[in-house]
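Taking it in order: structure first as structure tokens, then the write-up.
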Amino acid sequence: MAAPTTIPPTICLLGAIGKTGRVVLSLLLAMDLYNLKIYARSKAKLVDIFPDITSNLRVQLYIGLVTDMSLIEKCLSGSRIISVTLGNNNFAPTTVLRESAYSIVTALNAFKLRGDTWQKPRMIYLSSSSENKRFIEDRPNWYIG
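For any residue, its number in our numbering is found by taking its place in the sequence shown, counting from 1, and adding 317.
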């Protein structure tokens, strides 16, 4: 009798092209323990950094704008862990971060309202804002980062 197969948990990584996201994705790909749903704004940049990513059977790619709710819902759906490493990359200081937070919360609320078998995922939100000069300038003098 064959041993029962278990489906590995799915991790969703939003932001795989930046410095932090590259490191996280490299580690996840090397582990071979998870199915991965990867969100990025640019497929060309992602493939340039990770040339074999499109042929990896454990990986699903979701390419587009963080404001595309249909795309974000598909990317987050079924994920047990959501890791966010998005940055702003010369956009208005908080646009991508704010829009991604809004999209993620909206999608998760939609899943919750639909019920079914939805389980609250673990959320990991990585940020390098303590090193971003635009954020540092607006930081109150009492803040310790």
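Virtual Cβ for every residue (Gly too), placed ideally from N, Cα, C. It should be emphasised that the depicted structure is a prediction, and the values quoted were computed from it without experimental measurement.
If you run the structure through DSSP and keep just helix, strand and coil, what is residue i?
i	result
T323	coil
N426	helix
S394	coil
V376	strand
R439	strand
A289	Residue 289 lies beyond the residue range present for the chain, which begins at 318 and ends at 462; the question has no answer from this structure.
P412	This sequence places Thr at residue 412; Pro is not what is there. Correct three-state label for T412: helix.
V340	helix
L350	coil
DSSP has residue i in a bridge; who is on the other side?
i	result
S420	BP columns for S420 are empty, so no partner.
L331	Y356, V401
Out of curiosity, what's the CA-to-CA distance linking residue i and residue j?
i	j	result
R431	R415	24 Å
V376	A418	23 Å
V422	Y356	16 Å
G493	L363	No statement about residue 493 is possible, as the shown extent of the chain runs from 318 to 462 and does not include it.
G381	G332	11 Å
If you compare alpha carbons, which of the options is closest to residue i?
i	options	result
T402	I324, L330, P325, P326	L330
R397	L350, A333, L344	L350
D369	L342, T337, I389	L342
S420	N373, G395, D385, G335	D385
L425	V413, A361, M440	M440
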